[in-house]
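Enquirer: Supplied in structure tokens, the structure appears directly below.
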Amino acid sequence: MITGTQLNVIQQALLNRTKKVSLNNTWRMLHDSEAIGRVRGRDLHLDDLDFVRLDQIYKQYRKVEADIKIPKGLSRFEHVKYS
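Sequential numbering of the sequence shown, starting at 163, is according to my numbering.
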């Protein structure tokens, strides 16, 4: 199960297209469980296929694209329902 904090980390990586991230607990879990990235010392290096997989993971849990901005006052469930 992926937490909201972990989804936020994934979203930021998708929005920024970060090719190298610090190997923290979230990235270690994604690497170990989903084979995301390649470990290089204390960093995890991401390529285009990793971003495709991260996008799939993000959509699976959030049901919207990572770059979709949900209007203020509208929950993500309402956004999906009325989009």
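Glycine residues also receive a C-beta, built at the ideal position from the N, C-alpha and C atoms.
The structure presented is a predicted model; accordingly, all values stated were derived computationally and were not measured.
Quick one: is Gly166 buried, meaning 16 or more other Cβ sit within 10 Å of its Cβ, or exposed?
Expert: exposed
Enquirer: Does DSSP put Lys182 in a helix, a strand or coil?
Expert: strand
Enquirer: Entirely within the segment 181-212 and at least 3 residues each: give me those beta strand (DSSP E) ranges in chain order.
Expert: If we require 3 residues or more, the beta strand (DSSP E) runs fully inside the segment 181-212 come out as 182-184, 200-202 and 205-207.
Enquirer: Should Ser245 be labelled buried (16 or more other beta-carbon atoms within 10 Å of its own) or exposed?
Expert: At Ser245, the pLDDT of 49 sits below 50, so the modelled position is not reliable; the number obtained from the coordinates is stated separately. It is exposed - the Cβ of Ser245 has fewer than 16 other Cβ atoms within 10 Å.
Enquirer: Using CA coordinates, which residue listed in Ser195, Asp205, Ile164 and Gln173 is at the minimum distance from Phe213?
Expert: If you compare the alpha carbons of Ser195, Asp205, Ile164 and Gln173 with that of Phe213, the shortest gap goes to Gln173.
Enquirer: Mark Val201 as exposed unless 16 or more other C-beta atoms lie within 10 angstroms of its C-beta, in which case mark it buried.
Expert: exposed
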